[in-house]
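Trainee: Okay, so the sequence shown: first residue is 13 according to our numbering, each after it adds one.
Cβ coordinates follow ideal geometry from the N, Cα and C atoms, glycine included.
Remember, predicted model here, so these are calculated numbers, not experimental data.
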Amino acid sequence: MLLGATLLAALLPDLDLAIGPFAGRSYHHYFTHSLGFSVLFAGFTYLAMRRLGRVSPRRDALVIASGYLSHILLDMLAKDTTPPFGVQLFWPLADAFLISPVTVFSDVWRGSLALLFSLHNWLAMGREILLLVPVVGLLWWLRRRRAQLE
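1) Relative to the C-alpha of residue 97, which residue among 38, 31, 48 and 24 is closest?
2) Just checking, does the segment 13–31 make contact with the segment 41–50 on the three C-beta pairs under 8 Å criterion?
3) From residue 139 to residue 19, what distance separates their C-alpha atoms?
4) Check each candidate in 72, 103 and 108 and name the one with the smallest Cα separation from residue 21.
5) Which whole-angstrom value describes the C-beta separation of residue 116 and residue 109, a residue pair presumed to lie in contact below a C-beta threshold of 8 Å?
6) Between the segment 59–73 and the segment 82–93, are three or more C-beta pairs nearer than 8 Å?
7) Using the Cβ count rule (16 or more neighbours within 10 Å means buried), how would you classify residue 45?
8) Between the C-alpha atoms of residue 35 and residue 123, what's the straight-line distance to the nearest angstrom?
9) Tell me whether residue 128 is buried or exposed, calling it buried when 16 or more other Cβ atoms sit within 10 Å of its Cβ.
10) Only counting the same chain, and skipping five residues up and downstream in sequence, which positions put a Cβ closer than 7 Å to that of residue 120?
11) Roughly how many whole angstroms lie between the Cα atoms of residue 23 and residue 81?
12) Looking at C-alpha atoms only, which residue of 85, 101 and 131 is the closest neighbour of residue 114?
13) Going straight from the alpha carbon of residue 15 to that of residue 112, what length do you get?
14) Return the residue from the list 33, 17 and 47 that minimises the CA-CA distance to residue 107.
15) Please confirm whether residue 39 has its beta-carbon closer than 8 Å to some beta-carbon of chain D.
16) Within the same chain, show all residues whose beta-carbon is closer than 7 Å to that of residue 66, passing over the 5 residues directly before and after it, in chain order.
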C-alpha cells in the first residue's frame, strides 16, 4: 500500500494540467509544484495515515510526501519549453519560477494524444527510467542493509 500511495503521490503535482481547460489557460508548474503545497500535502497525508490507524503515520506520511516532492525536484531538472519556465518552488512566499541551470531530463510534448504518445515522449520516458531505476535500487539496497545491521 505504501509503495502504491507513494507512486500516486509522485503523479499528483501534474493535476494542475487538469485546471487549464477549465480556466482557459495553462497552470502547469504553478502552486502544485511548490514546497508550500508539498508541506500541505504532507500534513494531509499524516492526518490520513493516523485516521487509517497506521503504526508509523509520521514515517508513512514522509515516505508518501517524498514521492510528491521528488516530482517537483525532477521537474526542475527537466527541459522546459513552455513559459513560464521552471516551477513556482517557493509559493506562497514567492511567485518566482525557478529551474535548474543543468538539464537532466527531456521535455514532454503535450497538446494532443498523438504528441503525448510520440516517439519523443517514449524516448524521454526511457531515459528517465534508465537514470532513476539505479538510484531507487541503491536507496532500496541501503535501506535493506541498514535494517540488517540493526
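Mentor: This is what the structure holds:
1) Indexing the sequence shown from 1 puts residue 97 at position 85. It is 38.
2) yes
3) In the sequence shown, counting from the first residue as 1, residue 139 sits at position 127. In the sequence shown, counting from the first residue as 1, residue 19 sits at position 7. The straight-line gap from Cα to Cα measures roughly 18 Å.
4) For the purposes of this step, residue 21 is taken as the residue at position 9 of the sequence shown. Closest option to residue 21, Cα to Cα, is 72.
5) As a first step, residue 116 is located in the sequence shown; it is residue number 104 there, counting from the start. As a first step, residue 109 is located in the sequence shown; it is residue number 97 there, counting from the start. Actually they are not in contact, since the Cβ atoms of residue 116 and residue 109 sit about 18 Å apart, beyond 8 Å.
6) no
7) Reading the sequence shown from its first residue, position 33 is the one you call residue 45. It counts as buried.
8) Residue numbering aside, residue 35 sits at position 23 when the sequence shown is read from its first letter. Residue numbering aside, residue 123 sits at position 111 when the sequence shown is read from its first letter. Between residue 35 and residue 123, the C-alpha separation is close to 16 Å.
9) Position 116 of the sequence shown holds residue 128. The residue is exposed, with fewer than 16 neighbouring Cβ atoms inside 10 Å.
10) Taking the first residue of the sequence shown as position 1, residue 120 is located at position 108. So the qualifying residues of the chain are 133 and 136.
11) Translated into the one-based positions of the sequence shown, residue 23 becomes position 11. Translated into the one-based positions of the sequence shown, residue 81 becomes position 69. When rounded, the distance between both Cα atoms is 10 Å.
12) Here residue 114 refers to the residue found at position 102 of the sequence shown. Nearest of 85, 101 and 131 to residue 114, Cα basis: 85.
13) The residue you call residue 15 lines up with position 3 of the sequence shown. The residue you call residue 112 lines up with position 100 of the sequence shown. Taking the straight line from one Cα to the other gives about 28 Å.
14) On the sequence shown, residue 107 is found 95 positions in, with the first residue counted as 1. Taking only the C-alpha atoms, the option nearest residue 107 is 47.
15) Looking for chain D here will not work: only one protein chain is present.
16) Residue numbering aside, residue 66 sits at position 54 when the sequence shown is read from its first letter. Result list for residue 66: 72, in chain order.
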